[in-house]
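In what follows, a structure is listed as structure tokens, so that the remarks can point back to it.
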Amino acid sequence: MELNKKSTLPILEEGLQDFGIVLEEKQKEQFLKFYQLLTEWNTFMNLTAITEFDEVCIKHFLDSAALCKVIALSAAKEQTLIDVGTGAGFPAIPLKIIFPNLKVTMLDALNKRVKFLNEVIAVLELHNIEAIHGRAEDYAKPDLLRERFDICVSRAVAHLSTLSEYCLPYVKRKGFFVSYKSEKASEELQAAKQAIELLGGKVFKQQELILPHSDIYRNFIVIQKQKATPKRYPRKAGLPSKEPL
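To convert a position in the sequence shown, counted from 1, into the working numbering, add 239.
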């Protein structure tokens, strides 16, 4: 799908300016290429129900970028970030485009999506980013990716107790796990506090915002890693969702 950059990018550019971000020409091109790949691949595999450009800009690109309003992301120094259950690359790919110094790992359980992500990485010429096919429970082992990241993010749809068991094992001490949530987050947070503490985390803050150019409400739960996650977590595949802590 061919897009006219001048006529299509203002929503994205203006929205990012609300976050204090000004895109360079290369970054604009990368967002356009990402959108084109997303819609092309979406014709033969299920990546997103949202395909209209302005909606993708708001509900995927700006939503992903909103992380910078919640925790400090540096344009100057390298930070390590893992996106658990990344799907079509949200929030990881937009964050990598905006903050090229991020060292990014994307983890997804569906190999077809990982193939798409590798195509995005190649076409956008992104560096220090990888897509891994696997389950969150399996890669959180000491000899793999356990406690190696400054930041773990997830837009996956799951209860916060379950997400915390999947995600906190990946976070370094003093690092952060950030869960992208919606309206019911306060109730979820109360129910998940015991699990979060058991897993070595502590609720750092809860931050709400409305995405630019929309009435879409986003609720971020920010959890800081205080101490090492006990070795028995995460439990074997399936248990964190079937029997939340």
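Each residue gets a CB set at the ideal place from its N, CA and C atoms; glycine is no exception. Every value quoted in this text rests on a predicted model; they were computed, and no experiment measured them.
One or two residues paired with residue i in a DSSP bridge
i, result
"K323", "Here residue 323 turns out to be Val, not Lys, going by the sequence shown. In the DSSP output, where bridge partners are listed per residue, V323 has L346."
"H372", "D347"
"N458", "K420, E447"
"K464", "G440"
"Q318", "L341"
DSSP three-state assignment for residue i, whether helix, strand or coil
i, result
"H452", "coil"
"S421", "coil"
"G414", "strand"
"L341", "strand"
"D302", "helix"
"V295", "helix"
"F388", "strand"
"S393", "strand"
"F329", "coil"
"K380", "coil"
"K265", "helix"
"R352", "helix"
"V359", "helix"
Close-in-space but distant-in-sequence residues of the same chain around residue i (CB under 7 Å, 5 per side omitted)
i, result
"V309", "V417, Q446, F459, V461"
"W280", "L286, F355"
"F388", "T319, L320, I321, Y409, V410, K411, G414"
Cutoff 8 Å; reference residue i; Cβ partners in own chain excluding five residues on either side
i, result
"I336", "Q266, Q269, F270, F273, L363, L365"
"E422", "Y456, N458"
Integer-rounded CB distance, given that residue j should sit under 8 Å from residue i
i, j, result
"D293", "L450", "Wrong, their Cβ atoms sit about 12 Å apart, outside the cutoff."
"S393", "D322", "7 Å"
"E376", "K475", "6 Å"
"N340", "E358", "Rounded, the Cβ-Cβ distance is 23 Å, inconsistent with contact."
"A532", "P483", "Given a span of 240 to 484 for the chain in the structure shown, any question on residue 532 remains unanswerable."
Neighbourhood of residue i by C-beta, 6 Å cutoff - its chain only, sequence neighbours within 5 removed
i, result
"V353", "D347, A370, H372"
"T325", "A331, M345, D347"
"A397", "none"
"I250", "D293, C296, H452"
When you compare the segment 463 to 481 with the segment 409 to 424, are there three or more beta-carbon pairs, one atom per stretch, that lie closer than 8 Å?
yes
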